[in-house]
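Numbering (the numbering used here), first residue to last: 2 to 546.
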């Protein structure tokens with residue numbers, strides 16, 4: 002099942018808003034205190050009636066309401082409704098639609114209109130004591146039942162729960178050492194039962210065990226599991242040797258958060274994940290790997306994620322995903338009504354709007370300056386010579402059509418290429434970037450390995466867009482009179498000193514070029530013929546397209 006829409010009436014900073022959600026990924030983007038968490042906590046009320054209360058009613062109102070439409074409920078999922086609701090729910094065929102209403106009221110005013118009024122009358126002020134109301138429809142929108150709603154189960158037993166929460170400020174000061182069924186299957190807002198969760202999923206007989214261990218190793222860079230703790234207790238951690246352990250309590254908060262989210266993400270399908278500020282306390286490289294896992298899981302699960310991160314937006318704001326921008330005005334004009342009011346806008350699939358959003362999130366404008374094509378090079382020396390000399394002198398028509406980007410070494414080529422693709426899929430939502438990027442690397446072992454990896458990963462791209470030079474070092478394409486000096490620099494054993502000398506050497510070459518560009522062009526036409534030939538092929542493709 003999935004949540005089709007949510008409507009808030011007089012809840013916190015929202016006077017009245019309604020949004021239609023994607024079945025896959027929904028991103029909530031906005032400043033602090035704009036209302037992102039309010040939407041998430043309102044959805045969580047399906048599984049935890051205490052997530053919002055009387056203090057969350059808009060200060061100028063006597064009541065607040067939350068309307069949630071749920072669709073595509075299977076017979077098995079319908080059982081979860083009835084089990085936790087005193088068996089008062091009507092029977093669920095596979096195509097049922099459910100409309101849930103939560104009312105929070107400051108006063109008790111009885112109604113004479115009966116249950117219909119509980120759902121439809123906006124003027125009703127009737128105390129619900131934390132209990133919601135649910136109305137059930139079949140696929141033809143015919144009503145088949147109406148009853149009180151006490152919330153969905155918060156246990157994974159028999160796949161009953163619907164929501165997995167991953168909230169900000171989720172730090173726990175206590176990690177449960179008990180390892181029973183209750184701890185292993187309970188779904189909580191913090192990660193206090195993380196050890197039981199890991200003991201369950203890391204068991205070799207668990208169907209997701211191997212995937213869990215692989216993800217942890219890939220994202221965290223080390224293995225982790227259950228370790229002994231005190232007398233007759235256990236904890237999460239790693240073994241240093243046979244008798245020395247490091248418990249999760251002694252690690253950074255980011256480690257616990259990553260572990261908790263991985264465990265959640267590897268559960269069964271047809272779930273709703275509510276995630277606040279995923280980027281908190283997580284290194285960008287680990288974050289990107291988690292985002293790839295979320296993308297994979299979004300094929301059969303629904304996500305509502307609040308974020309301030311341009312990385313999260315770029316990775317997840319593609320395909321069928323929806324992005325909702327939340328803004329609030331500090332005060333109303335009237336002196337007697339100075340309440341902040343939040344508004345929600347679903348962003349259109351427009352490149353300029355998406356670029357503006359990335360800029361608002363701190364993504365520098367030059368990083369997504371739009372060009373017709375892109376050339377990613379292994380290091381800055383090659384990028385400077387090609388950008389500032391070879392292209393202007395030999396291929397001036399490319400100057401406004403190709404953007405050169407310098408990686409920080411061969412191992413950085415793949416991440417740069419991935420980021421390039423993420424950015425343009427996010428901005429355009431269509432493959433205009435396809436066959437519009439090239440990657441050049443040196444002909445040494447690292448360059449050959451990374452270009453080979455890119456060819457395998459992007460097998461649908463033309464192979465000739467991933468190129469290894471015949472030379473091991475780009476500096477070997479400099480005119481012959483500089484080769485001896487470069488050989489001396491390259492023989493320096495101290496890596497840091499060698500790199501600094503290479504930077505100075507490239508500066509010397511650029512100064513020499515600027516003294517007599519005609520002479521430099523004549524010499525480079527011979528020494529860098531291979532590079533020039535590759536650029537000529539690129540020019541031909543771009544001028545024909």
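Virtual Cβ for every residue (Gly too), placed ideally from N, Cα, C.
Simplified DSSP assignment, three categories, for residue i
i           : result
residue 466 : helix
residue 191 : coil
residue 375 : strand
residue 131 : Model confidence at residue 131 stands at a pLDDT of 47, short of 50, so the residue's coordinates are unreliable; what they give is reported in the following sentence. DSSP places residue 131 in coil when its eight states are reduced to three.
residue 241 : coil
residue 14  : coil
residue 492 : coil
residue 530 : helix
residue 525 : helix
residue 1   : The question about residue 1 has no answer, for the chain in this structure spans 2 to 546.
residue 346 : strand
residue 475 : helix
residue 364 : coil
residue 118 : Here residue 118 scores only 32 on pLDDT, less than 50, and its place in the model is too uncertain to base an answer on.
residue 537 : helix
residue 210 : helix
residue 1   : Nothing about residue 1 can be read from this structure; the chain reaches only from 2 to 546.
residue 480 : coil
residue 219 : helix
residue 515 : helix
residue 499 : helix
residue 382 : helix
residue 459 : coil
residue 410 : coil
residue 436 : coil
Cβ distance (whole Å) where residue i is taken to contact residue j below 8 Å
i           : j           : result
residue 312 : residue 290 : Residue 312 to residue 290, Cβ: 11 Å. No contact.
residue 69  : residue 164 : Not really, about 11 Å apart at Cβ, beyond 8 Å.
residue 525 : residue 391 : 7 Å
residue 263 : residue 220 : 7 Å
residue 411 : residue 451 : 5 Å
residue 226 : residue 210 : About 11 Å; that fails the 8 Å criterion.
residue 257 : residue 249 : 6 Å
residue 533 : residue 395 : 6 Å
residue 31  : residue 328 : 6 Å
residue 41  : residue 454 : With a Cβ gap of about 38 Å, residue 41 and residue 454 do not count as contacting.
residue 10  : residue 65  : 6 Å
residue 470 : residue 531 : 6 Å
residue 237 : residue 385 : The pair is not a contact, with the Cβ atoms about 48 Å apart (cut-off 8 Å).
residue 284 : residue 362 : About 18 Å separates the two Cβ atoms, so there is no contact after all.
residue 446 : residue 375 : Not a contact, Cβ separation roughly 25 Å.
residue 25  : residue 299 : 4 Å
Distance cut-off 8 Å: residue i Cβ against heavy atoms of the ligand ZN
i           : result
residue 198 : Looking for the ligand ZN in the displayed structure turns up nothing, as the structure carries no ligands at all.
Paired residues, beta bridge with residue i - DSSP
i           : result
residue 236 : 228
residue 442 : 469
residue 404 : 375
residue 248 : 238
residue 3   : 72
residue 545 : Note: residue 545 sits in no beta bridge, so no partner.
residue 20  : 7
residue 166 : 275
residue 26  : 304
residue 196 : None; residue 196 has no bridge partner.
residue 156 : 187
Cβ-Cβ distance between residue i and residue j below 9 Å
i           : j           : result
residue 322 : residue 23  : yes
residue 478 : residue 529 : yes
residue 43  : residue 67  : yes
residue 167 : residue 276 : yes
residue 318 : residue 427 : yes
residue 279 : residue 292 : yes
residue 259 : residue 287 : yes
residue 407 : residue 378 : yes
residue 267 : residue 303 : no
residue 504 : residue 381 : yes
residue 48  : residue 194 : no
residue 463 : residue 436 : yes
residue 358 : residue 314 : yes
residue 517 : residue 472 : no
residue 527 : residue 521 : no
Cβ of residue i within 9 Å of any chain D Cβ
i           : result
residue 165 : The structure shown contains no chain D, having only a single protein chain.
| message | Which runs of the beta strand (DSSP E) at least 3 residues long sit entirely within the segment 254 to 336? Give them in chain order. | response | 273 to 277, 303 to 308 and 323 to 330
| task | Could you name each continuous alpha helix (DSSP H) segment of 4 residues or more that falls completely within the segment 28 to 87, going from the start of the chain to the end? | result | 37 to 45 and 76 to 84
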